[in-house]
RNA sequence: GGGACGUUAGCUCAGUCGGUAGAGCAGCGGACUUUUAAUCCGUUGGUCGCCAGUUCGAAUCUGGCACGUCCUACCA
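Residue numbers (the working numbering): 25 to 525.
Structural data, given as structure tokens:
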């Protein structure tokens, strides 16, 4: 006994073998992958234009259509069949019968498989149950699908496969298509919003010789011709502010940042942010502006400011809360007094009880920040601006005139997550240089996330940065909110995964 | 990094006490000219994640490994 000489690839199975044979047959009989079918109508447009017409009206007007799409459902009943095809807009039913197409075409159709891409021409009509359908007179197989689709009722449910094979997820799951259409629409609305406010959209480098603008571990890469180490950007901030120095007084950029940190339901190594800067504004203006932006995005994308996130209702149309860190702590832990929260030893004691990390060298503001993160952050379900961040944690932000230990900075929290971060920009070049030097000292002391000193940036400030306000908004997290997604992977088309086993 | 749970047909899932593998969908063959996850009859399809161990015998018990999901930590 001899083994078969043809060993199919490992994931080949009987179904794929069968379909390959059908494709072989198609090749033999002509052009297996024709590209001359002219699609003239989309499913959703036909439903919108003719869905309301009666059976009789449709028979009278005799609308000729040409539709194309992937076959998702198939029902064969001897001399007549129904098929449901799906295009970018939606689905429409085809009726194929010996009487309309001739027996040969209908017989060929019976061997078409779910997942095949078809082109059909014919006349619109309504079935006796009232479903708008195409009475097919011409039917062609445009692309043979070799691999079977997931089960037609449940679709693809395995999370890993949804992420790894997003194309299958998109074919099968309406909800997945909805999420990414909302994502696209969200970015479009944001662009329009900034354009309307006379902002200039710019693109700054993704490859940085000095990573800057955030506290994070960068990805390191190498440029061959220059033989130098480069970093994927962790934030565009320093470049955008250089542009404000240059006279582009309102700029924004929507693009990816890369951070070499852990993966989680809220973190992907590459994520999308919008950063924007406007001269002659301060952080208070940014908060008002952000509220307007969020309301507009919700209204234009979802049609309402009221949304449901993981079972809880949220209204972006209500004024956002504004609290200092200590006020936020007290909101959820009213037993703490102002005196206690401003007492270093007391705060350190609380942090110890919570097993939270801190350094004995930390200033009171940083200690309060850690306590806030432990006790309040995750509870900020309704949109809340937390203001007055400690200067040592905000090396690019302008100090408060009333209290130089804090900065004119806020972070916006919604559903317990940081969604945005903004501040009045530090435009004092001497203070900026001093703060860079502090960061370098921290880096030398072992802080991997401390910033590098960017001397050209300081030089830019020395030419004069007008008083400016700047902010970054996490687009992925915003889209999670708008789509009620629990994981950031659900709003990124191709999330980072480990290599396949 | 730590913890919990999971991995069985292309897909969705069962699998009892350890006794040699099941259903539905998809596929193939047949019936059926208005179906709606069409229906009905017949039928093909398996490295039970991988490697060891225990046992007469392992999808099932034990150990290790891989991958995944969730929680947690770092982080936006």
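C-beta: ideal position from N, C-alpha, C; glycine also.
Item: Helix, strand or coil for residue 287, going by three-state DSSP, please let me know.; Value: coil
Item: Taking 8 Å as the threshold, find out whether the region 137 to 155 comes into contact with the region 93 to 113 through three or more Cβ pairs.; Value: yes
Item: Looking only at its chain, what residues have a beta carbon closer than 7 Å to the beta carbon of residue 159, apart from the 5 residues adjacent to it on each side?; Value: 119, 124, 146, 147, 149
Item: Could you give the distance in angstroms between the alpha-carbon of residue 199 and the alpha-carbon of residue 522?; Value: 25 Å
Item: Please give me, in chain order, every unbroken run of the alpha helix (DSSP H) with length at least 4 that falls completely inside the region 139 to 204.; Value: 183 to 188, 190 to 196
Item: Quick check: the Cα distance between residue 122 and residue 104, rounded to an integer number of angstroms?; Value: 6 Å
Item: Within 8 Å, do at least three Cβ pairs link the region 413 to 427 to the region 275 to 292?; Value: no
Item: Distance, Cα to Cα, residue 513 vs residue 292?; Value: 7 Å
Item: Report the option in 463, 480, 481, 483 whose CA atom is closest to the CA atom of residue 474.; Value: 463
Item: Verify whether the separation of the beta carbon atoms of residue 263 and residue 447 is less than 9 Å.; Value: no
Item: Could you give the uninterrupted runs of the beta strand (DSSP E) lying entirely in the region 290 to 319, keeping only those of 3 residues or more?; Value: 294 to 303
Item: Just list the residues that DSSP pairs residue 414 with in beta bridges.; Value: 430
Item: Are residue 176 and residue 46 closer than 9 Å when you measure CB to CB?; Value: no
Item: Is DSSP giving residue 136 helix, strand or coil here?; Value: coil
Item: Just tell me which of 472, 480, 127, 506 has its CA closest to the CA of residue 241.; Value: 472
Item: Just to confirm, is the Cβ distance from residue 344 to residue 315 under 9 Å?; Value: yes
Item: For residue 381, count neighbouring Cβ atoms within 10 angstroms of its own Cβ and tell me buried if that reaches 16, exposed if not.; Value: exposed
Item: Residue 512 by DSSP, collapsed to three states: which one?; Value: helix
Item: Using a 10 Å radius around the Cβ and a threshold of 16 neighbouring Cβ atoms, would you call residue 52 buried or exposed?; Value: exposed
Item: Rounded to whole angstroms, what is the Cα-Cα separation between residue 190 and residue 518?; Value: 7 Å
Item: Assuming residue 218 and residue 300 make a contact with CB atoms under 8 Å, what is their CB distance in whole Å?; Value: 6 Å
Item: Could you pull the DSSP bridge partners for residue 279 from this structure?; Value: 297
Item: Quick one: residues in its chain with C-beta nearer than 8 Å to the C-beta of residue 245, no 5 flanking neighbours on either side, listed in chain order?; Value: 231, 253, 254, 255, 256
Item: Just the C-alpha distance for residue 493 and residue 422, rounded to the nearest angstrom, thanks.; Value: 9 Å
Item: For residue 238, which three-state DSSP category applies?; Value: coil
Item: Can you say whether residue 399 is buried or exposed, counting buried as having 16 or more other CB atoms within 10 angstroms of its CB?; Value: buried
Item: In chain order, which alpha helix (DSSP H) runs of at least 4 residues are fully inside the region 326 to 359?; Value: 349 to 356
Item: Would you kindly report the start and end of the unbroken beta strand (DSSP E) that includes residue 272?; Value: It is not in any beta strand (DSSP E) - residue 272 carries neither H nor E in the DSSP assignment.
Item: In this structure, how does DSSP classify residue 443 when only helix, strand and coil are distinguished?; Value: strand
Item: Tell me which residues share the same chain as residue 397 and place their Cβ nearer than 6 Å to its Cβ, disregarding the 5 neighbours each side in the sequence.; Value: none
Item: Assign residue 534 to one of three DSSP states: helix, strand, or coil.; Value: In this structure the chain extends from 25 to 525, so residue 534 is not present and cannot be described.
Item: Am I right that residue 117 and residue 155 are in contact with their C-beta atoms under 8 Å? What's the rounded C-beta distance?; Value: 6 Å
Item: By Cβ distance, which residues of its chain are closer than 6 Å to residue 331, with the 5 residues on each side in sequence left out?; Value: 338
Item: Look up residue 125 in the DSSP assignment and say whether it is helix, strand or coil.; Value: helix
Item: Using a Cβ-Cβ cutoff of less than 7 Å, which residues in the same chain neighbour residue 375 once the five nearest sequence positions on both sides are dropped?; Value: 382, 391, 394, 395
Item: I believe residue 319 touches residue 209 by the beta-carbon criterion, under 8 Å. Please report the beta-carbon distance rounded to the nearest angstrom.; Value: Not really, about 15 Å apart at Cβ, beyond 8 Å.
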